[in-house]
Amino acid sequence: MKDINEDIAWAKINTDVLKSLENPRKLYWVILAVAIAMIAVAVGCETYQYQMGMGVANMNNPHVWGLYIATFIFWIGMSHSGTLLSAILHLMHADWRKPIYRFAEAMTTFSLMTAGLFVMVHLGRLWQFYYSLPYPNERGLWPNFQSPLLWDAMAIFTYLSSSILFLYVGMIPDLAICRDNIHSGWRKKLYTALSLGWEGTDRQWRNFRVTYLTIACFLIPLAVSVHSIVASDFAMSQQPGWHVTSFPPYFVAGALYSGCAAIITLFIILRYVFRFEEYMTLSILKKTVRLTFAISMVWTYLNAVEFASVWYSHDVASKAVLIQKATGTYAPFWWMMIFCGSVVPLILAFKRFQTNIPVLLAVSLLLNLGMWLERWMIVAPTYSHGYYPWTWDHDQWPSFVQWGIVFGSFGWFTLLFMLFCKIFPSVSMYEVKEMVYHRTLAKKNLGSAKGAH
Amino acid sequence: MHRFLRLSILLISLFAASSFAADATQAVKMTEDSLGPLVEQPIEFPHFRHAGDVNKEHPEKGGMQIDCMYCHTFARRSAVAGIPPLQKCIGCHQSIESVRETPRIKKLFEYWEGSKDGKIAAKSPIPWKKVHDLPDFVRFNHERHIKRFVFQQNRPVQEACGYCHGDVKTMTVARRSKTLSMGFCVDCHKKDHLVSAEGGTAIGNQAYWYGFKKPVVNASAPLTAKGPNDCWQCHK
Amino acid sequence: MSVSNLLENWAEFRHTHPVDDVPHDPYKWAMSIDLDACTGCNACSVACYAENNLPVVGKEKFLHGQSMHWMRIERYWDEDGRDFPDQGAQFLPMMCQQCEAAPCETVCPVGATNHTPDGLNSQIYNRCVGSRYCSANCPFKVRYFNWYDYPTTDNVWPAEMSQQLNPDVTVRGKGVMEKCTFCVQRLTSAKNTAKNEGRIVHDGEVQTACQQACPPGAISFGNLVDADSKVFKQWKAQHVEIAEFEQAKDRGEQDNKLRGYRILEELRSYPSVMYLERVRETAV
Amino acid sequence: MIAGNAISDRAKDFPKNFAKGFVMMDSSFDRRDFLKVLGWGGATVALTGCGFTSVEDGKETVVSYVEATDFMVPSIGVYYNSTCAQCDAGCSINGRVREGRVLKLEGNPASAINRGKLCGLGQAGVQHHYNPDRVREPLLRNGEKGEAITWEKAYALIAEKLQGVSGEEIAFLTGAMSGHTKVLLENYLASFGCKNHFAYEAIAPGVVRAANKKAYGVAMPRFNISKAKLVLSFGADFLGSWVSPVHFSQQYGQFRKGADGQRGVLVQVESKMTLTGANADRWLVVRPGTEGILALGLVNALGTASGDVAAAVKDYDRARVSKDTGVSVEQIDKLVALLKSHSPSLVLAGSAAEGYAHGSQNAAAINLLNQVLGNVGKTVVGPVSVPFPQMSPVVGNTAALANVSDALDAGKYKVMFSCGVNPVFSAPTAMKFQEHFAKVGFKVAFAHYLDETALQADLVLPLDSALEDWGTSVPEYMAGDDAQINIQQPLMERLHANTRGFGDILLALLKQRNPESYKNYTDYYAYLRGAVLQNKNALGGSGADDDEFWDASLSNGIFKLAGSVANLSGSISAGSLSLPNAPVADAQYPLHLIPSVNANLRDGRNANQPWLQESPDPLTTIVWDSWVEIHPKKAAELGIVEGDIVEVAGKNGSIKAQAYLFPGIHPDAISVPLGRGHEAMGRYAKGFGVNPFHILDAVFDKETGELAMHETRVKVSKTGQRVIVVKDEGAAGGKQMGKKIAVRLNTDHVDLSKEV
Amino acid sequence: MSQRHMLALFNNFEEAEAVVRELRGASIKGFNADSDMVVKSPIEHPEVEEFLGEKPVYVQWFTLGGALMGGLLGFFLISGAQANFFAQVKGGKPIVPFPPNFVLTYEMFILGGVFVSILGFLICAGLPAKRSPLYSAKVSEDQISILVKSDDSAAGELKAIFTKHQAVEIQEEAGK
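Protein chains in written order, with my numbering: chain A, 1 to 453; chain B, 1001 to 1236; chain C, 2001 to 2284; chain D, 3001 to 3756; chain E, 4001 to 4176.
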């Protein structure tokens, strides 16, 4: 099985990809409509919450965070796949990333935006959000730079802006293609403006290469720092179950894991919706699936390490939280997380399932569910079983407001993502050409080597 | 090489600009807006006539140099300066025949005696409009500032009050003269102010906290301390 | 915020006061609560409602764990499996412990909660954006969040009830974290009076609302820097040090005749509230 | 007219000067002016405290005083002393007033009763005052509705209705009364020749009073808890709700520290743990109703009694007592040893002991133990009485209700007044009070709220709150060595224009009867001032100027005067003592119903104060609702878990409430708190909880005729519904889970003498 | 002498390579192979660029400068802001604590690096740019093109070389 067919004509690549900007399958519009409906639910819930106060989300004194922060971490985690595919695999010269890294990067950007929304939704006084931004003001006040939340804000800002820039810079040659092939309407203007007059000259390519590589190098430590900082929100706190040294790597692994799972899902959807069968080949899917399997095992291992270190240590309170996770009210969710996160991926180890699209779609959705549950299981059980037994809560169940907003966030992400794919080429044309070119060269070399014999 | 020159100039100026921007945060810009709207009072109170300096040439234009705290008696005893009771105005004006028939004074007496049309009941308070209004979560303590600067350091009252209220002796108060934003307050609290023991404050090591640096007591330089810098001083 | 300020005062900025090398001066507010005298009567809690404009949230919200009592009386039973609690219950008034190294302070993204020079953990309502991180990180869970807009949409002070509100204390709107302040409005007013007169606040000059109400007089409050204050003497007598996480009592010194302890001391947050253990007669 | 002491917080040391200041202002200054509610700029509370910055220059108006005196400084609180009216203990309060509004009530340190302390109930007085559900106009029944009328019309109506009614046909039902109001009331009734003044308190130590009277010669001696080394309390919840809880709590604080470093020991004997029981060193659970048996058993075991006492107790050997009461023999021995070693001790008989048909016998047995221990004269000492018998308190009891109910049933009364009581709420259904009450031709209720009784009335007269009214009162339990008359004075201007003080109303009614004698008194204030100044010498003001004395007295909030200390009659006798045997199990109604008295809600008259509703019950931490306390063992037997809605059914009806498993109760008893379950009264009271008063059996103490509150037997059954109990206690259920949170030490590990 | 631009399009990379090699090898008067020749390609094509001779890239210097500036600015901004609250400590930590400041400095380091790298890229690559005088949309599809600028005199010679190597198309534009 080939990653890509080397006989594919370059001009066809252009037309195929550009076609995705114009006429996707009907399913595209269905997804869009569903996404908008989901957003409407979230907007309704948020408006209600904004009017009435956070109480309508049914949080209470020990349970101050609820689903919002859990989902926030989920979305942050989701964003890591883009970096993995575009930066890490780029440095490793893994050619098979080329057809799929663009949408992964877009996923990074939009899941970060969604995550950012959760920070806002979660705030008790959304209208005072600007208090947490460091800017000179007439109050003479600065935010508290000691707070992991502020590190978070800083890291996410850095990550988001860098990701957008990375996505954009990597897209400039493709934007030039769009500019050259689309001759009317607002799109023409948009592509002309965004392509910055790219012509593919040797000077441009030369600087492009170095810049792209440099940013890729920056993005890798950045991505690691972002999720480990999100982990510090918990690890830097004093609460049992949160104050765990292994949280940062654990979070990063979880992030890559959920990101990969999401890539599989979106891969399958995009492949169908935009008729990308020739580019997003099953061979690439197989590689992604194998990567996912590997990461799932890393995650499983780190999970086990976390439990083991809690279990083996003398921290009674943390141990109590762990026991409560496994046996208390949250037990069904906790075990479901273990099942989805560690057992379900075993399916991926079987070759016959590695290219079975319906199975993969189901598995990837289950993995995502597991990863979402993981985040919830990090946040909530500590609240109902903290240091202070008096406040151990009758386990609090999120109200429809929380569920509605979490639900809607998926719509919001889908909408942004789908719009992106419709407006910008979601398969990197110039890099697929490179890929094809490299394969042709390789074949030629192989052929000439054969001929020499 | 000129490209590198350009580049380094660019970088240096970027750094300088951002440092400057960060550094200059405390300079509070005062715009027309930050002084609040012009307010129409029930009686346009001529502060300049009461507190203003004596004008020898045109005595009718000058003031009487009345101390701020003659009328605003609460300021030195309470966090709230308050408005003088009507009684206070009447107390003097009862015996000032010369202006008794001017429109403003007539209006004043309407609040004391009741208006002829019955719209104002006798002894009803004058509905002054607030000009120096702080948000409800800010508690400015007039008493402490006056004790500190007027009584302990013998600064002129006009100067102490005027720091926030402007040059009252030349005006009727229709709008603020200072922004009274938080930056305005903090600006002042960050400055080193003279601390004099003669006024009676045994500051002890308080100055350490308020000035964050332990004062050198026996040095020749005068002892100074910063204003309180903890939030609970003004917000409770 | 200038670089020159940083360079000039670098050493000051690197001090880890107040727990470490720089002591409090002239004030460090602290409390001690004698659990042997505490009867659990809730007078302190009501006094706190009255003094600090606490909203009554009602049955529904209390059910959801959204109550707003800054001071709560906890009641513990013995856990030895007997049929009857024949040594009574154990009551514990729990409010913000005003930790010296408060876990809540570092995590607030906007710096709405800070340590004041007189050793209090301040909470600035109007600065709060409602991230609730402080509460998440509080080991005692004594921070209370305004889940609803109690003054307006919830109307907990209908009609004339709002006239009872204490003008010295801000009424909190929705989305704001709040907690026990050691009645800071009373402290500030006492400190101002003292400053005007060029002295420090005497012991007993200022009382917190709970202390003032407490019928058996179980609560003492005062200035831990002032060697004449009752609180100082009590802490001293019990060999409880503010910046320690293990006291003479825990180390088994002083023949174990001490009964002063602080709750969750091992977390090294250095609470400012010392409790005196409840005593029970063995002869009966 | 002037009045009042006003002490700005920094001038507390100079009350006299301030009093003088008032005198000087006499002619020009109206107190009401000062009490006027003002919205001071910057000093008022804005309800949007920390929302958006609410600076709107020039929009808000600064309100200023028209005239001000020296002490009137905006933003600085002024303190007035007055008297708490939330219960009958008579604590003195110190109210903080700012800008004409009373903000907070604190204790008055000058009062020997509470010494500057105040309980939660007392502090909630402001919520009574500012309550949105107060009656604001006189209301005349018009069908099912009340129609607002003027006071003139109300007075005229009363006069009309009283026309041709003889004194015998008028009844006046009140709570406890004392002071000048009582004098006026007696005068009013005397003007008809009416003797039907009934003082009713739903929860009152009526039996104990009678037993004390027998044993010591006075109904309410002073109990020196702080001087006792051992307090043995038979169900007296003196820290919670019994007689004068703030005073006792304050004494308890000293008692625990011990005057000479010897810590006082508290042993509580009862079947349902009260707040006091929860604080005891040893809480002894006894079979309900057997408190007297244990007391006699202790007398016997002490072995110091002689004569008829020894004869009376000789049958009460330890084995029998242990069998009857359920207290183990070893425990009795320990207790006896402790009683011997800890002298003086103090034995108290409380509501758990008196609430039976043989309550008087129980109380007598307990008092006998006190006498045998020789505590009389040491920890039980004579009270000081006020030298004005006409002002001394009429105490309320439940026997009064039984009497009035019977008389109503007989149709004796044509006009009935009710003031400060709510018998429709607090009378057992078995008494049929409501039915009997309906027979009265014209019912007048003096009321703060439209409570259950006021709703039955034909005319409702709205009363001033205690914080706007004048008055004096004499506490029943006189705590100090001096006699004390409490003064009640307004802390602020009347909140509602059309409410009146009870004294004012009585005066107006008296003027109808007797215009000549009262024509000099424009209002109750004038009457009060006149009456006080008339007796200036006796009140400790001999030689003082009238105004000065009056102002100083108001400034103190109390009159302290040397009263006479009553001697306690000390004869120890067990002559009339005859305790019934331990109760036998009732097959149909196997459980004893113990109606418990919550320190905050008591008989329910304060139920409409939200602070009290949300103040968790100390033992269960339940708020806003009633509950049924069941011992976990019993609950397991019945298959009941926490939150089950159970039906508590007795002979006279049933109630349904949530179950709470409570270890501090005898397994044969259940307990339901009183005070909740209002069907009217206001938004915070109505519809929360159930009212166990209604299912009480109409059983009375055989000697005194008091309602035997603990005598009701019930059965408990599940209804199948379940709710989540609304309480402060979390999921850990009051366990510390191995953490060091609330810690307890044994006495041998403590050296209190070294403590500060 | 007037100059003219000429754009040759090739289907084949080898051909284009050969052209570049030849142009650099041949010394044509009025045409400087180092400065007057631009290769445009649809993909990043380091092999072709190699034949153009060593052309240095400076973006990494921007990166270094930006990262350093970001880090410094971050540290001083944060420490300076913290110094504002000189009487308020938080959690018993110093007013200017290192661990959090390092985290933030790290982030600012990266942020500065990325931003200034992009800036450097735009500067170095001359973007945004006006279109060069001759451009064919075919370049963004699959053809490689060589744009030359030369004196009129050299045009013929260049054209000959292009044609020789099977240029698909040659566009010309008269110079000024």
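For glycine and all other residues, C-beta sits at the position ideal for the given N, C-alpha and C.
Quiz item: Can you list the residues of chain B that Q2185 of chain C reaches, using a CB-CB cut of under 7 angstroms?
Solution: Translated into positions along the third sequence, residue 2185 of chain C becomes position 185. For a Cβ distance threshold of 7 angstroms, residue set K1236 of chain B lies close to Q2185 of chain C, ordered along the chain.
Quiz item: Looking at the C-beta of V4168 of chain E, does it have a partner C-beta in chain A at a distance below 7 angstroms?
Solution: Position 168 of the fifth sequence, counted from the start, is the residue given in the question as residue 4168 of chain E. So, not an interface residue.
Quiz prompt | Buried or exposed by the 16-neighbour rule on C-beta atoms within 10 Å, applied to G3041 of chain D | solution = On the fourth sequence, residue 3041 of chain D is found 41 positions in, with the first residue counted as 1. Since pLDDT at G3041 of chain D reaches only 34, below the 50 mark, its modelled position is unreliable, and no value is offered.
Exercise. Report the rounded CA-to-CA distance for C2199 of chain C versus K2191 of chain C, giving the unit in angstroms.
Key: Looking up residue 2199 of chain C in the third sequence gives position 199. Looking up residue 2191 of chain C in the third sequence gives position 191. Looking at the sequence itself, residue 2199 of chain C is Arg, so the reference to Cys does not match. Taken atom to atom, the span from the alpha-carbon of R2199 of chain C to that of K2191 of chain C is near 9 angstroms.
Self-check item: With 16 other Cβ atoms within 10 Å as the buried cut-off, status of L4158 of chain E
Solution: In the fifth sequence, counting from the first residue as 1, residue 4158 of chain E sits at position 158. L4158 of chain E counts as buried, since no fewer than 16 other beta carbons sit within 10 angstroms of its beta carbon.
Practice problem: Using 10 angstroms around the beta-carbon of M1064 of chain B, count the other beta-carbons present and answer buried if the total reaches 16, otherwise exposed. | Solution: Locating residue 1064 of chain B in the second sequence gives position 64, counting from the first residue. Using a 10 angstroms sphere on the CB of M1064 of chain B, the tally of other CB atoms stays under 16, which defines it as exposed.
Practice problem: Could you work out which residue in A:S318, A:N356, A:F400 is closest to Y456 of chain A when comparing CA atoms only? | Solution: Outside the displayed range of chain A (1 to 453) lies residue 456 of chain A, so it cannot be described from this structure.
Quiz item: Thinking C-beta only, is T3290 of chain D closer than 7 angstroms to F2967 of chain D?
Solution: Any answer about residue 2967 of chain D is impossible in this case: the structure gives chain D only from 3001 up to 3756.
Exercise. State the DSSP-derived secondary structure class of Q2164 of chain C, mapped to helix, strand or coil.
Key: Stepping through the third sequence from its first residue, residue 2164 of chain C is reached at position 164. In the structure shown, Q2164 of chain C falls within a helical segment according to DSSP collapsed to helix, strand and coil.
Quiz item: Do the CB positions of I3670 of chain D and I3622 of chain D come within less than 7 angstroms of each other?
Solution: By 1-based counting over the fourth sequence, the position of residue 3670 of chain D is 670. By 1-based counting over the fourth sequence, the position of residue 3622 of chain D is 622. Not closer than 7 angstroms, so no.
Quiz item: Going along the chain, which residues of the segment 1072-1092 of chain B sit with their C-beta nearer than 7 angstroms to a C-beta in chain C?
Solution: Under the 7 angstroms Cβ criterion, the segment 1072-1092 of chain B contributes no residue.
Quiz item: Rounded to whole angstroms, how far is the Cβ of G3557 of chain D from the Cβ of N3114 of chain D, which I believe are closer than 8 angstroms?
Solution: For the purposes of this step, residue 3557 of chain D is taken as residue 557 along the fourth sequence, with counting starting at 1. For the purposes of this step, residue 3114 of chain D is taken as residue 114 along the fourth sequence, with counting starting at 1. Not confirmed; about 11 angstroms, so no contact.
Quiz prompt | Status (buried if at least 16 other CB within 10 Å, exposed otherwise) for I36 of chain A | solution = The count along the first sequence starts at 1 and reaches residue 36 of chain A at position 36. By the neighbour-count rule (16 or more Cβ atoms within 10 Å), I36 of chain A is not buried but exposed.
Quiz prompt | C-beta atoms of V3565 of chain D and V3135 of chain D nearer than 7 angstroms | solution = Here residue 3565 of chain D corresponds to residue number 565 of the fourth sequence, with the count starting at 1. Here residue 3135 of chain D corresponds to residue number 135 of the fourth sequence, with the count starting at 1. In this structure, V3565 of chain D lies away from V3135 of chain D, with their beta-carbon atoms at least 7 angstroms apart.
Quiz item: If you measure from the beta carbon of D1230 of chain B to each beta carbon in chain E, is any gap under 7 angstroms?
Solution: Mapped onto the second sequence, residue 1230 of chain B falls at position 230. Yes, its Cβ sits closer than 7 angstroms to a Cβ of chain E.
Quiz item: Along chain D, in chain order, which residues have C-beta atoms closer than 8 angstroms to that of C2214 of chain C?
Solution: Along the third sequence, read from residue 1 onward, the residue named residue 2214 of chain C stands at position 214. Residues of chain D passing the Cβ test: K3117.
Exercise. Quick one: residues in its chain with C-beta nearer than 7 angstroms to the C-beta of H453 of chain A, no 5 flanking neighbours on either side, listed in chain order?
Key: In the first sequence, residue 453 of chain A corresponds to position 453, counting from 1. Because the pLDDT of H453 of chain A is 45, which lies under 50, any placement of that residue in the model is unreliable, and the question is left without a value.
Practice problem: Figure out for me which residue from D:V3218, D:Q3609, D:Y3660 has the closest Cα to the Cα of S3626 of chain D. | Solution: Position 626 of the fourth sequence, counting from 1, holds the residue named residue 3626 of chain D. Of the listed residues, the one whose Cα sits closest to S3626 of chain D is D:Y3660.
Quiz item: What separation, rounded to the nearest whole angstrom, lies between the Cα atoms of Q488 of chain A and Y387 of chain A?
Solution: This structure does not reach residue 488 of chain A, given that chain A is present from 1 up to 453, and the question cannot be answered.
Quiz item: Do P2215 of chain C and C3119 of chain D have their CB atoms nearer than 7 angstroms?
Solution: Taking the first residue of the third sequence as position 1, residue 2215 of chain C is located at position 215. Taking the first residue of the fourth sequence as position 1, residue 3119 of chain D is located at position 119. Yes, Cβ-Cβ distance for P2215 of chain C and C3119 of chain D is below 7 angstroms.
Quiz prompt | Cβ-based contacts, 9 angstroms cut-off: residues of the segment 385-411 of chain A near chain D | solution = Within the segment 385-411 of chain A, the residues whose Cβ lies closer than 9 angstroms to some Cβ of chain D are H385, Y387, Y388, P389, W390, T391, W392, D393, H394, D395, listed in chain order.
Quiz prompt | One or two residues paired with W3627 of chain D in a DSSP bridge | solution = Taking the first residue of the fourth sequence as 1, we reach residue 3627 of chain D at position 627. Its beta-bridge partners are D:Q3658.
Quiz item: Which residues in the same chain as H438 of chain A place their Cβ atom closer than 7 angstroms to its Cβ, once the five residues preceding and following it in sequence are excluded?
Solution: Stepping through the first sequence from its first residue, residue 438 of chain A is reached at position 438. Hits under 7 angstroms: D95.
Practice problem: Please compile the residues from chain A whose C-beta is within a distance smaller than 8 angstroms of the C-beta of A3732 of chain D. | Solution: Here the question's residue 3732 of chain D lines up with position 732 in the fourth sequence. Per Cβ cutoff of 8 angstroms: P389, W390, W392.
Quiz item: The beta strand (DSSP E) spanning I2263 of chain C covers which residue range?
Solution: Stepping through the third sequence from its first residue, residue 2263 of chain C is reached at position 263. Run containing I2263 of chain C: none; DSSP gives neither H nor E here.
Exercise. Select from A:R275, A:A349, A:V406, A:F274 the residue whose C-alpha is nearest the C-alpha of S111 of chain A.
Key: For the purposes of this step, residue 111 of chain A is taken as residue 111 along the first sequence, with counting starting at 1. When each option's Cα is compared against that of S111 of chain A, the closest is A:V406.
Quiz item: How many angstroms separate the CA atom of F3034 of chain D from the CA atom of G3100 of chain D?
Solution: The residue given as residue 3034 of chain D occupies position 34 in the fourth sequence. The residue given as residue 3100 of chain D occupies position 100 in the fourth sequence. Caution is warranted here: a pLDDT of 44 is assigned to F3034 of chain D, below 50, making its placement in the model unreliable, and the coordinate value is therefore given only provisionally. Looking at the two C-alpha atoms, the distance is approximately 6 angstroms.
Quiz prompt | Residue from D:D3133, D:V3285, D:V3347 whose Cα sits closest to the Cα of R2082 of chain C | solution = Counting from 1 along the third sequence, the entry for residue 2082 of chain C is found at position 82. Nearest C-alpha to R2082 of chain C: D:V3285.
Quiz prompt | Alpha-carbon to alpha-carbon, D3458 of chain D and G3441 of chain D | solution = Within the fourth sequence, numbered from 1, the residue matching residue 3441 of chain D stands at position 441. Within the fourth sequence, numbered from 1, the residue matching residue 3458 of chain D stands at position 458. So the two alpha carbons sit approximately 9 angstroms from each other.
Quiz item: Which residues mark the beginning and the end of the beta strand (DSSP E) in which C2210 of chain C is found?
Solution: In the third sequence, residue 2210 of chain C corresponds to position 210, counting from 1. Here C2210 of chain C belongs to no beta strand (DSSP E); instead the alpha helix (DSSP H) covers 2209-2213.
Quiz prompt | Complete runs of the alpha helix (DSSP H) confined to the segment 3431-3502 of chain D [at least 4 residues] | solution = Qualifying alpha helix (DSSP H) stretches, in chain order: 3433-3438, 3452-3456.
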